[in-house]
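Protein chains: 2
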Amino acid sequence: MLGGGIGASRLAVPLAKALGPGRLTMVVNTADDLWHHGLRICPDLDTNMYALGGLSDRQRGWGVQGDTFRAMGQLGRLGEDVWFNLGDLDLATHLKRTGLLRGGATLSEVTADLAANLGFGTRLLPMTDHEVATVVHTAAGEIGFQEWFVRRRAQDPVTGVGYRGIEAAQPAPGVIEAIRAADLLVIGPSNPVASIAPILALSGVREAVASRPSIAVTPVVHGVPITGEGEERRARSRAAMLGALAMEHRSRAVASFYMGVASAFVVDVHDAEEEGAIADMGLDVVVAPTLITDEATGANLASVVLSRAM
Amino acid sequence: MLGGGIGASRLAVPLAKALGPGRLTMVVNTADDLWHHGLRICPDLDTNMYALGGLSDRQRGWGVQGDTFRAMGQLGRLGEDVWFNLGDLDLATHLKRTGLLRGGATLSEVTADLAANLGFGTRLLPMTDHEVATVVHTAAGEIGFQEWFVRRRAQDPVTGVGYRGIEAAQPAPGVIEAIRAADLLVIGPSNPVASIAPILALSGVREAVASRPSIAVTPVVHGVPITGEGEERRARSRAAMLGALAMEHRSRAVASFYMGVASAFVVDVHDAEEEGAIADMGLDVVVAPTLITDEATGANLASVVLSRAM
Numbered sequence: 014m015l016g017g018g019i020g021a022s023r024l025a026v027p028l029a030k031a032l033g034p035g036r037l038t039m040v041v042n043t044a045d046d047l048w049h050h051g052l053r054i055c056p057d058l059d060t061n062m063y064a065l066g067g068l069s070d071r072q073r074g075w076g077v078q079g080d081t082f083r084a085m086g087q088l089g090r091l092g093e094d095v096w097f098n099l100g101d102l103d104l105a106t107h108l109k110r111t112g113l114l115r116g117g118a119t120l121s122e123v124t125a126d127l128a129a130n131l132g133f134g135t136r137l138l139p140m141t142d143h144e145v146a147t148v149v150h151t152a153a154g155e156i157g158f159q160e161w162f163v164r165r166r167a168q169d170p171v172t173g174v175g176y177r178g179i180e181a182a183q184p185a186p187g188v189i190e191a192i193r194a195a196d197l198l199v200i201g202p203s204n205p206v207a208s209i210a211p212i213l214a215l216s217g218v219r220e221a222v223a224s225r226p227s228i229a230v231t232p233v234v235h236g237v238p239i240t241g242e243g244e245e246r247r248a249r250s251r252a253a254m255l256g257a258l259a260m261e262h263r264s265r266a267v268a269s270f271y272m273g274v275a276s277a278f279v280v281d282v283h284d285a286e287e288e289g290a291i292a293d294m295g296l297d298v299v300v301a302p303t304l305i306t307d308e309a310t311g312a313n314l315a316s317v318v319l320s321r322a323m
Numbered sequence: 014m015l016g017g018g019i020g021a022s023r024l025a026v027p028l029a030k031a032l033g034p035g036r037l038t039m040v041v042n043t044a045d046d047l048w049h050h051g052l053r054i055c056p057d058l059d060t061n062m063y064a065l066g067g068l069s070d071r072q073r074g075w076g077v078q079g080d081t082f083r084a085m086g087q088l089g090r091l092g093e094d095v096w097f098n099l100g101d102l103d104l105a106t107h108l109k110r111t112g113l114l115r116g117g118a119t120l121s122e123v124t125a126d127l128a129a130n131l132g133f134g135t136r137l138l139p140m141t142d143h144e145v146a147t148v149v150h151t152a153a154g155e156i157g158f159q160e161w162f163v164r165r166r167a168q169d170p171v172t173g174v175g176y177r178g179i180e181a182a183q184p185a186p187g188v189i190e191a192i193r194a195a196d197l198l199v200i201g202p203s204n205p206v207a208s209i210a211p212i213l214a215l216s217g218v219r220e221a222v223a224s225r226p227s228i229a230v231t232p233v234v235h236g237v238p239i240t241g242e243g244e245e246r247r248a249r250s251r252a253a254m255l256g257a258l259a260m261e262h263r264s265r266a267v268a269s270f271y272m273g274v275a276s277a278f279v280v281d282v283h284d285a286e287e288e289g290a291i292a293d294m295g296l297d298v299v300v301a302p303t304l305i306t307d308e309a310t311g312a313n314l315a316s317v318v319l320s321r322a323m
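One line per chain: the protein sequences are Z and L, in this order. First residue of the first sequence: 14, per the numbering used here; consecutive thereafter. First residue of the second sequence: 14, per the numbering used here; consecutive thereafter.
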């Protein structure tokens, strides 16, 4: 599976459960990663790690369940603008990661170490061990993705998107091999521009993905109202980033993004009218419920996706 | 005042109170600083900052009052050996510092920023903006000071002491000027080898100190039993480090360390028999109670010391 953060993790958990231990490998976007307060923070890796490790806070949608925010509260008292809120338990992940990176370990090694200590059966691979940074072009200048998305709440209109360092970055060890060995590749319901494009842009990844049977799940569900600030912001950011590439915020635009890469595409039942346009792009279209709101909807989408591997 | 951590901070607080805001400048040892879990930690600066800012945990002797240890607990669950325990509130200091250092700020700038946010009237200067590391030579090899003192509880016999990086280090901005402008220099009741020697070893500091009236306070009180694991360990570390330099763990040995630097020396009332030997070194000897156990004993020692400035 290729994916970003929250959207991908919601599908990864039921996929991992359906497949059983050791059968799912995730290649996770790291272009949203950032240095903050001296720490290396990998939001997408951590979201998946916490979700797969059973630690994630489902209500809040990010971070560790039952976390407290004492260090960040104190940082505020020390005059810092705390816009990227890190829980005290969550901090342990970033402290361990940063310490190991400073000691010369690669992000792949750190990620494997963290996953081993949390003990879950899914192999989690960062897309690269190099530093890549998604940058959003706005009227206020070029802004790092997390600063735009978290600090500025994805409010600035986006005129362009760049991935700093992507040319020099290489896929992390095992990424190309895992893709080439996959029975089925799943492109998660992630922001295609923020989360999937950087993975596909790494040397050799697009070709490797195109060589295997694959199915992409739409992150866009147009036919139902969006509720919750988090979901709204995620939709707004997808729309803004697709818009910067002159694309609509519709499943057919996401599908066009994966033309020549994915062989099948899951469109939501609420957007069944997109089916024809997507089929015309040469993709096998599956119409299914894609909103994962509980265990049953997750298990259902996982089985829809996995039926392509038969 | 020149000083290290706990011992110096106990005298700094009543000195600052007696002098009033803006009249005490502290030059603090940074040779015990360390990189740990990716963070830059400055134990001596922080101990003084928390003490002067009214945040310190007096019972524990280190860290912030009322702190919790959730991040460290989680680090343990992530497989880390947590030997340098950082509280969740304390972490905010290291996060802010490390973030600013990564952004190109100097330790002096970071320290001034932290102090300004905590709002106290003592000027706190790191001895240098360069990285210096006190290293203890033991049968187990050369060990960083904090690893020897905290992790290994100062148990390994010491055969030598080194200060890595000291030759290349320069005094931080304002250090030499503050010393040369001082009405009186106070050398705190700190470990002379661990805390004071690195300050004096910086280019120009020894000469600047020798040019001004100065009074050193003994950290050694021989005539009364030591209680508490922290006090015992601090005494053991002083004895071990003085021993590595073929010196006894007595006030006369500390005084000899300051010959040609300090003009006066405070020996504890319990060790009055040291007076003659110290006077023979050409130091003015003051015999006074030096153990600070409460506000009254602190105020008394501050007034003994400050009487030298008259």
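Cβ coordinates follow ideal geometry from the N, Cα and C atoms, glycine included.
Can you name the start and end residues of the alpha helix (DSSP H) that residue i belongs to?
{"i": "T107/Z", "result": "Just to set this straight, residue 107/Z is His in the shown sequence, not Thr. Per DSSP, H107/Z belongs to the alpha helix (DSSP H) from D101 to R115."}
{"i": "F270/L", "result": "S264 to F270"}
{"i": "A292/L", "result": "E288 to A292"}
{"i": "I19/Z", "result": "I19 to L32"}
{"i": "V174/L", "result": "No alpha helix (DSSP H) holds V174/L; the beta strand (DSSP E) holding it covers G173 to R177."}
{"i": "L47/L", "result": "L47/L -> not in any alpha helix (DSSP H); beta strand (DSSP E) instead, spanning L47 to H49."}
{"i": "V123/Z", "result": "L120 to L131"}
{"i": "L68/Z", "result": "Segment: none, L68/Z is in no alpha helix (DSSP H) and carries neither H nor E."}
{"i": "A301/L", "result": "That residue, A301/L, is in no alpha helix (DSSP H); its beta strand (DSSP E) goes D297 to A301."}
{"i": "G157/Z", "result": "Note, G157/Z: premise wrong, no alpha helix (DSSP H); beta strand (DSSP E) at G154 to G157."}
{"i": "V199/L", "result": "Taken as a continuous stretch (DSSP letters only), V199/L belongs to no alpha helix (DSSP H), being part of the beta strand (DSSP E) at L198 to I200."}
{"i": "R193/L", "result": "V188 to R193"}
{"i": "L88/L", "result": "R83 to R90"}
{"i": "L213/Z", "result": "A210 to A214"}
Under the rule that 16 or more other beta-carbon atoms within 10 Å means buried, what is residue i, buried or exposed?
{"i": "R83/L", "result": "buried"}
{"i": "V206/Z", "result": "buried"}
{"i": "V298/L", "result": "buried"}
{"i": "A181/L", "result": "exposed"}
{"i": "W161/L", "result": "buried"}
Using only the alpha-carbon positions, how far apart do residue i and residue j sit?
{"i": "A315/L", "j": "R115/L", "result": "38 Å"}
{"i": "A253/Z", "j": "P170/Z", "result": "6 Å"}
{"i": "D293/Z", "j": "A312/Z", "result": "29 Å"}
{"i": "W75/Z", "j": "S269/L", "result": "59 Å"}
{"i": "T60/Z", "j": "G20/L", "result": "44 Å"}
{"i": "E287/Z", "j": "G117/Z", "result": "48 Å"}
{"i": "R166/L", "j": "M140/Z", "result": "42 Å"}
{"i": "L213/L", "j": "G79/L", "result": "35 Å"}
{"i": "E155/L", "j": "R193/L", "result": "35 Å"}
{"i": "A309/L", "j": "L24/L", "result": "12 Å"}
{"i": "T119/Z", "j": "E144/L", "result": "25 Å"}
{"i": "G51/L", "j": "G295/Z", "result": "49 Å"}
Starting from residue i, find everything on chain L with Cβ-Cβ shorter than 8 Å and list it in chain order.
{"i": "W96/Z", "result": "Result: empty, since nearest Cβ-Cβ is about 13 Å, beyond 8 Å."}
Which of helix, strand or coil does DSSP assign to residue i?
{"i": "T310/Z", "result": "helix"}
{"i": "T141/L", "result": "strand"}
{"i": "E180/L", "result": "coil"}
{"i": "S320/Z", "result": "helix"}
{"i": "S276/Z", "result": "coil"}
First and last residue of the beta strand (DSSP E) that includes residue i?
{"i": "S227/L", "result": "S227 to V230"}
{"i": "M39/L", "result": "T38 to V41"}
{"i": "T151/L", "result": "A146 to T151"}
{"i": "V222/L", "result": "Looking at the DSSP string, V222/L is not in any beta strand (DSSP E); the run it does join, the alpha helix (DSSP H), is V218 to A223."}
{"i": "I239/Z", "result": "It is not in any beta strand (DSSP E) - I239/Z carries neither H nor E in the DSSP assignment."}
Identify the contact partners of residue i in chain L, using a Cβ-Cβ distance below 7 Å as the criterion.
{"i": "D101/Z", "result": "R83, A84 and D101"}
{"i": "L127/Z", "result": "L91"}
{"i": "L120/Z", "result": "The premise fails here: L120/Z is roughly 13 Å from chain L at the closest Cβ pair, so nothing lies under 7 Å."}
Find the residues of chain Z that neighbour residue i, judging by a C-beta separation of less than 9 Å, and give them in chain order.
{"i": "W75/L", "result": "Under the 9 Å cutoff, chain Z gives no residues; its nearest Cβ is about 16 Å from W75/L."}
{"i": "T111/L", "result": "H50, G51, L52 and T111"}
{"i": "L32/L", "result": "Near L32/L there are no residues of chain Z at all, since even the closest Cβ is about 25 Å away, more than 9 Å."}
Output, in chain order, the set of chain Z residues within a Cβ distance shorter than 8 Å of residue i.
{"i": "A153/L", "result": "Per Cβ cutoff of 8 Å: no residues; A153/L is ~20 Å from chain Z at best."}
{"i": "N130/L", "result": "R90, L91 and G92"}
{"i": "L339/L", "result": "This structure leaves residue 339/L out entirely; chain L is present only between 14 and 323."}
{"i": "L37/L", "result": "Those within 8 Å of L37/L in chain Z number zero; the least Cβ separation is about 22 Å."}
Taking C-beta pairs closer than 7 Å, name the residues in chain Z that residue i reaches, listed in chain order.
{"i": "W48/L", "result": "R115"}
{"i": "Q87/L", "result": "L102 and A105"}
{"i": "N61/L", "result": "Correct list: empty, because the minimum Cβ distance to chain Z is about 16 Å."}
{"i": "L137/L", "result": "Within 7 Å Cβ-Cβ: nothing; L137/L doesn't reach chain Z, min ~14 Å."}
{"i": "L65/L", "result": "Within 7 Å Cβ-Cβ: nothing; L65/L doesn't reach chain Z, min ~15 Å."}
{"i": "L255/L", "result": "Near L255/L there are no residues of chain Z at all, since even the closest Cβ is about 33 Å away, more than 7 Å."}
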